[in-house]
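Protein chains in written order, with this note's numbering: chain A, 26 to 178; chain B, 47 to 346.
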């Protein structure tokens, strides 16, 4: 483990998400639905030096292993993130995120005239493009600041 | 064509379009000859926004096919006023009718409706999104006047919010068409339409001045610059006059230029064009009936 990663303490079991773009760790927590109300122990390092990214964020979540769906959604805001599953203080699994073809019920359409922004009984659905996302209902394309569309933020 | 629903122009292939237009030509030749085609069909007209041409032409079309309509009426007189969701309204209407024609002020409304019902849904305009049945009658009119191959089309006006423009642009990617889009910068095509045109490999140019391209055009499709879209009245006045055409404007156009408009027009096409050979917008509106007959015939 590097000095940078040691800025926050090692965890016994859980997930370390590394190489998150600097300043977006809180969006990652929002994607995962972690706001502290569930009692999880969460450590966050923000804007720490990184050879690959210049500045990066790190999130460590105790006693929680990310699902494949959660990792997919993470890819939208942290495409270079790496996921480390920790078991008994050791890295048990290490993987990179991969972009899904769609995300359901995670993002809110920024088009206020989109039918999904009303009181209809449907989840939002976004198709994932090479450089953004596209609402499947109203076709609105978002390329910048996808994290701002996360429904829980 | 055989689709469960007609939501947007993107779902239409060239074969789909030609199939509808060919069938429409049969209905156009003798619209009263098909009264036995769908004698028991009931079509629900659900218009959450005012409409004259679209609603009346669908109503005429189904009646020409021997069927009938049930009409939701105005929003003010419906359960929508009580806060009922579109999804619930559609599920109720599904129990009454064999197909639903839906106009709604929100983009994506028709797609949502189609997810909740098993009867065919036709998108008759969803906000600034799509209006694919209009596009089919537009293409029918273009084919009648200019053909659909080796075509140069100019589309002028409010390209940002104009749903007829969005659908037409998408459908024209099926054909050998060069597209010129003419508008103020503030009303350019939205990002998603430009994205789809780029992905399709379409030949597309954007302009702020009609003169830059007028002489090349086979078809000039004019839409209304919508005053209500401008935050400032003076901004509207500054551009509106630039996108108004009259007979003199067309002096440099080809003699066989076809001028179209989805209607209603306000002042973007001067009345002195009406009596010229260029004017095809009333013929275009008329074509709504045979084209929608063909569409309904394929879906019901």
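Even for Gly, the Cβ is constructed at its ideal location relative to N, Cα and C.
Sequence-distant residues of its chain with Cβ nearer than 7 angstroms to residue i (five each side left out)
i                      : result
residue 124 of chain B : 118
residue 110 of chain A : 40, 90, 117 and 118
residue 270 of chain B : 203, 204, 311, 312 and 314
residue 325 of chain B : 305 and 319
residue 86 of chain A  : 39, 40, 59, 65 and 67
residue 308 of chain B : 180, 210 and 269
Contacts around residue i, its chain only, beta-carbon distance under 6 angstroms, and the 5 residues preceding and following it disregarded
i                      : result
residue 128 of chain A : 98 and 151
residue 323 of chain B : none
residue 260 of chain B : 298 and 299
residue 276 of chain B : 282
residue 43 of chain A  : 83 and 107
residue 120 of chain A : 108
residue 178 of chain A : Unreliable positioning characterises residue 178 of chain A in this predicted model, as indicated by a pLDDT of 42, which lies under 50. A coordinate reading is not provided.
residue 236 of chain B : 206
residue 71 of chain A  : 50 and 82
residue 213 of chain B : 55, 176, 177, 178 and 181
Bounding residues of the alpha helix (DSSP H) (the contiguous stretch that carries residue i)
i                      : result
residue 212 of chain B : 209 to 218
residue 155 of chain B : 155 to 162
residue 304 of chain B : Taken as a continuous stretch (DSSP letters only), residue 304 of chain B belongs to no alpha helix (DSSP H), being part of the beta strand (DSSP E) at 304 to 306.
residue 103 of chain B : 99 to 110
residue 285 of chain B : 279 to 286
residue 269 of chain B : Per DSSP, residue 269 of chain B belongs to no alpha helix (DSSP H) and is neither H nor E.
residue 191 of chain B : 178 to 191
residue 51 of chain A  : 50 to 56
residue 63 of chain B  : 60 to 75
residue 134 of chain B : 132 to 140
Distance CB(residue i)-CB(residue j) smaller than 8 angstroms
i                      : j                      : result
residue 108 of chain B : residue 100 of chain B : no
residue 103 of chain B : residue 335 of chain B : yes
residue 154 of chain B : residue 209 of chain B : no
residue 40 of chain A  : residue 91 of chain A  : yes
residue 45 of chain A  : residue 93 of chain A  : no
residue 157 of chain A : residue 171 of chain A : yes
residue 342 of chain B : residue 89 of chain B  : yes
residue 150 of chain B : residue 95 of chain B  : yes
residue 345 of chain B : residue 327 of chain B : no
residue 292 of chain B : residue 331 of chain B : no
residue 188 of chain B : residue 194 of chain B : yes
residue 304 of chain B : residue 220 of chain B : no
residue 131 of chain A : residue 175 of chain A : yes
residue 140 of chain A : residue 132 of chain B : yes
residue 224 of chain B : residue 53 of chain B  : no
residue 134 of chain B : residue 152 of chain B : no
residue 75 of chain B  : residue 112 of chain B : no
residue 215 of chain B : residue 239 of chain B : yes
residue 104 of chain A : residue 124 of chain A : yes
Neighbourhood of residue i by C-beta distance below 8 angstroms, restricted to the same chain and skipping five residues each side
i                      : result
residue 95 of chain A  : 56 and 57
residue 146 of chain B : 89, 90, 92, 136, 139, 140, 159, 163, 165, 166, 167 and 168
residue 112 of chain A : 38
residue 54 of chain A  : 60, 67, 69 and 84
residue 67 of chain B  : 182, 185, 186, 189, 337 and 340
residue 143 of chain B : 88, 89, 90, 116 and 165
residue 161 of chain A : 127, 150, 151 and 152
Residue range of the beta strand (DSSP E) that includes residue i
i                      : result
residue 53 of chain B  : Neither: residue 53 of chain B is in no beta strand (DSSP E) and is coded neither H nor E.
residue 111 of chain A : 107 to 112
residue 225 of chain B : 223 to 228
residue 149 of chain B : 145 to 150
residue 198 of chain B : 197 to 202
residue 123 of chain A : Counting along the chain, residue 123 of chain A falls outside any beta strand (DSSP E), and DSSP gives it neither H nor E.
residue 93 of chain B  : 88 to 93
residue 325 of chain B : Element bounds for residue 325 of chain B: n/a, residue is neither H nor E.
residue 67 of chain A  : 67 to 75
residue 44 of chain A  : 39 to 46
residue 340 of chain B : No beta strand (DSSP E) contains residue 340 of chain B, which is instead part of the alpha helix (DSSP H) from 334 to 345.
residue 170 of chain B : 167 to 172
residue 244 of chain B : Here residue 244 of chain B belongs to no beta strand (DSSP E); instead the alpha helix (DSSP H) covers 237 to 246.
residue 158 of chain A : 157 to 160
residue 252 of chain B : 249 to 253
Contact between the stretch 188 to 199 of chain B and the stretch 163 to 172 of chain A (3+ Cβ pairs under 8 angstroms) = no
message = Could you check whether the stretch 74 to 85 of chain A touches the stretch 112 to 124 of chain A, counting it as contact only if at least three pairs of C-beta atoms, one from each stretch, sit closer than 8 angstroms?
response = no
query = Going along the chain, which residues of the stretch 226 to 249 of chain B sit with their C-beta nearer than 7 angstroms to a C-beta in chain E?
reply = As a matter of chain content, chain E is missing from the structure shown, whose protein chains are A and B.
key: Sufficient close CB pairs (3 or more, under 8 angstroms) joining the stretch 55 to 67 of chain B to the stretch 172 to 188 of chain B   = yes
request  = Determine, using beta-carbon pairs with one atom in the stretch 225 to 234 of chain B and one in the stretch 246 to 264 of chain B, whether at least three such pairs fall under 8 angstroms.
outcome  = yes
task = Take every Cβ of the stretch 77 to 89 of chain B, pair it with every Cβ of the stretch 242 to 249 of chain B, and state whether three or more of those distances are shorter than 8 angstroms.
result = no
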